[in-house]
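Worksheet: the structure to be examined is printed underneath.
There are 2 protein chains.
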Amino acid sequence: MSDRKREIVALQPVRISVVDQLHAALRMAIIGNDLSPGTRISESEVAQQYGISRQPVREAFITLANEGLLDIRPQRGSFVAKISLAAVLDARFVREAVEADIVKLLADTPDPALIADLRGQLARQQELIGGSARDFMEADEIFHRTLAEGADKGNAWRVLVEMKAQMDRVRFLSSMHFSVARLIEQHRAIVDAIAGGDRPAAETQMRQHLQGILSDLPVIKQERPEYFL
Amino acid sequence: MSDRKREIVALQPVRISVVDQLHAALRMAIIGNDLSPGTRISESEVAQQYGISRQPVREAFITLANEGLLDIRPQRGSFVAKISLAAVLDARFVREAVEADIVKLLADTPDPALIADLRGQLARQQELIGGSARDFMEADEIFHRTLAEGADKGNAWRVLVEMKAQMDRVRFLSSMHFSVARLIEQHRAIVDAIAGGDRPAAETQMRQHLQGILSDLPVIKQERPEYFL
DNA sequence: GGGCATTTACTTGTATGGTAGTATGGTGTA
DNA sequence: TACACCATACTACCATACAAGTAAATGCCC
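Same order as they appear, the protein sequences are chains A and B.
The numbering of the first sequence is our numbering, which starts it at 1 and goes up by one.
The numbering of the second sequence is our numbering, which starts it at 1001 and goes up by one.
Written as structure tokens, this is what we have:
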């Protein structure tokens, strides 16, 4: 053991609570549009399906409601939240603001190790072209999280995840309306700007990247008005 | 009834659930440092105090935990979350990024009505100098919310509230370490920049305003290390 | 007195029962 | 036929009971 501080990592509890497992499952189902906006899901029904009691289901529901993914109406029922145009637009706005500042930081002091990591991810993303939307979304999430953590803003990532969820829901409604290749190209431009220490370029590229959804949104809303509020 | 679309406003439920009331009360208590970081609060204890069952208490706890204000340790107890320096710094970072973009928008198209509102608030804030920290915090919250809503980013305000909570907790630990007068002066500078349509100035002023806590934070941490993680 | 196994009192996690409120479909009436 | 009324079958909300795990106090042994 050397002189430097020992890394103290919190031990993960071996058992993940029923609530957390259920929450993760439902969250994925909602974002991936396996549970469409407006769908009714009742506590007792879900409890029965998973072979657990109503209580943990209820707790998972509460967290989903806090995240804006579920709409609990007392004495009436719980429904997968319809997509609020304003909520999606504001989520996008928040992401743009925060991630723009993140890449500015990264461009100020480019870290070779980080850049190598990112370039590796770009290569992996290339391989996903033509694959499932879900796989690319996952890679995309890792990419953006790497940026946040590279700028030592791991806690900020938590809110970005929530914002990203709102946006990804929309994308999953119609995976035809965005070009994966174009997104990867934008990712590459961001990495290049960071690597070159070009702060304004990094900001511009990130903002453009996150503005992409603005053109898809009206199309999707027109196609699937019943999914929107 | 005229030809224009009728405004459909959602009817508010008259009764606020026990859970929501309790959550609000506990949240205020934690932010206002009536419940200090590290304090143990048990479900059954709180239930007894408020004359309700454990169930709604538990649900309020879950939401508080999601907000990062409570630390629920299974089979061990629930504790008011200690303040994480990283969490506060990242919350500040997020606020700076988002609110900077908000005032940029506002400066692009200055709205006389909004500016009049804000100037009125500045006058009210002046009257609060020397008053309780809690009163000023409330006025401060209204000010920043007005900016967000003025830019039509009401949904974004939701996440800002969560970030603000982390920061306000710190400030309440030691209300001596910041000058209300200086904060109001900064508010005024922000409003002036918006009114003048000066986008870069608005951004700069907002960023400076939100960087203020950076100087207080180390002092407070040194004074009350037991409150920090 | 010090170390250790055990007990005990506590915690949160989960299951279930009862209540009040809401939607719906059927029925009687004008 | 159209409408008001009511029985019924849901819903989520809240209370209560039990299970599983933790930690501190206890008492025993060395």
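Ideal Cβ placement from N, Cα and C applies to all residues, glycine included.
Between GLU99 (chain A) and the set A:THR204, A:PHE228, A:ARG224 and A:VAL219, the nearest pair of CA atoms involves A:THR204.
Spatial neighbours of ILE220 (chain A) in its own chain (CB-CB distance under 7 Å, excluding positions within 5 residues in sequence) are listed in chain order as VAL170, LEU173, SER174 and HIS177.
The beta-carbon separation of ARG1119 (chain B) and ILE1213 (chain B), rounded to 25 Å, does not stay under the 8 Å limit for a contact. Within the segment 41 to 99 of chain A, the alpha helix (DSSP H) runs of at least 4 residues that lie entirely inside it are, in chain order, 43 to 50 and 54 to 66.
Beyond the five residues adjoining it in sequence on each side, GLY1032 (chain B) comes within less than 7 Å, by CB distance, of ARG1134 and PHE1172 in the same chain, given in chain order.
Close to chain A, meaning a Cβ-Cβ distance shorter than 8 Å, is no residue of the segment 1183 to 1209 of chain B at all.
Residue pairing by DSSP places PHE178 (chain A) in no beta bridge whatsoever. Taking a C-beta cut-off of 7 Å against chain B, the contacting residues of the segment 142 to 164 of chain A are LYS153, ASN155, ALA156 and VAL159, listed in chain order. Contact annotation: in the segment 1054 to 1071 of chain B, residues whose CB is within less than 7 Å of a CB in chain A are GLU1059, ILE1062, THR1063 and ASN1066. Listed along chain B is no residue with a C-beta nearer than 9 Å to that of VAL46 (chain A); the closest approach is about 17 Å. Beta bridge pairing from DSSP links PHE1228 (chain B) with B:ILE1083.
Your pair ALA1065 (chain B) and LEU1105 (chain B) does not check out as a contact, with CB atoms roughly 34 Å apart and the cut at 8 Å. Within 7 Å of the CB of VAL98 (chain A), the CB atoms of chain B belong to VAL1094, ALA1097 and VAL1098, in sequence order along the chain. At a cut-off of 7 Å, the C-beta of ASP117 (chain A) has no neighbouring C-beta in chain B. Annotation: ASP1111 (chain B) has no Cβ neighbours in chain A at a cutoff of 9 Å; minimum Cβ distance is about 18 Å.
In this structure, DSSP gives ILE1129 (chain B) a state outside helix and strand, which the three-state scheme calls coil.
Between ALA1060 (chain B) and LEU1069 (chain B), the C-beta gap is not smaller than 7 Å, which leaves the two residues out of contact.
Collapsing the DSSP output to three states places ILE1016 (chain B) in coil. Looking at B:ARG1182, B:GLU1138 and B:LEU1114, the one whose alpha-carbon comes closest to that of ASP1168 (chain B) is B:GLU1138.
About 7 Å separates the CB atoms of ILE142 (chain A) and GLN121 (chain A); that is less than 8 Å, so the two are in contact. Close to chain B, meaning a Cβ-Cβ distance shorter than 8 Å, are the following residues of the segment 14 to 30 of chain A: SER17. Here SER1078 (chain B) is buried, its C-beta having at least 16 other C-beta atoms within 10 Å. When A:GLN211, A:ARG54, A:GLY196 and A:GLU127 are compared, the shortest CA-CA separation from LYS164 (chain A) is found for A:GLN211. For ASP216 (chain A), the enclosing alpha helix (DSSP H) begins and ends at 213 to 223.
The C-beta of ALA87 (chain A) comes closer than 7 Å to at least one C-beta of chain B.
Burial state of LEU160 (chain A) is buried, judged by a 10 Å Cβ sphere holding 16 or more other Cβ atoms.
The closest CA to that of ALA202 (chain A), considering only A:SER44, A:PRO218, A:ALA156 and A:ASP108, is found on A:ASP108.
The straight-line gap separating the alpha-carbon atoms of PRO1110 (chain B) and ILE1190 (chain B) is approximately 12 Å. Non-local C-beta neighbours of THR1146 (chain B) in its own chain, meaning closer than 8 Å and more than five positions away in sequence, comprise LEU1114, ASP1117, LEU1118 and GLN1121, ordered along the chain.
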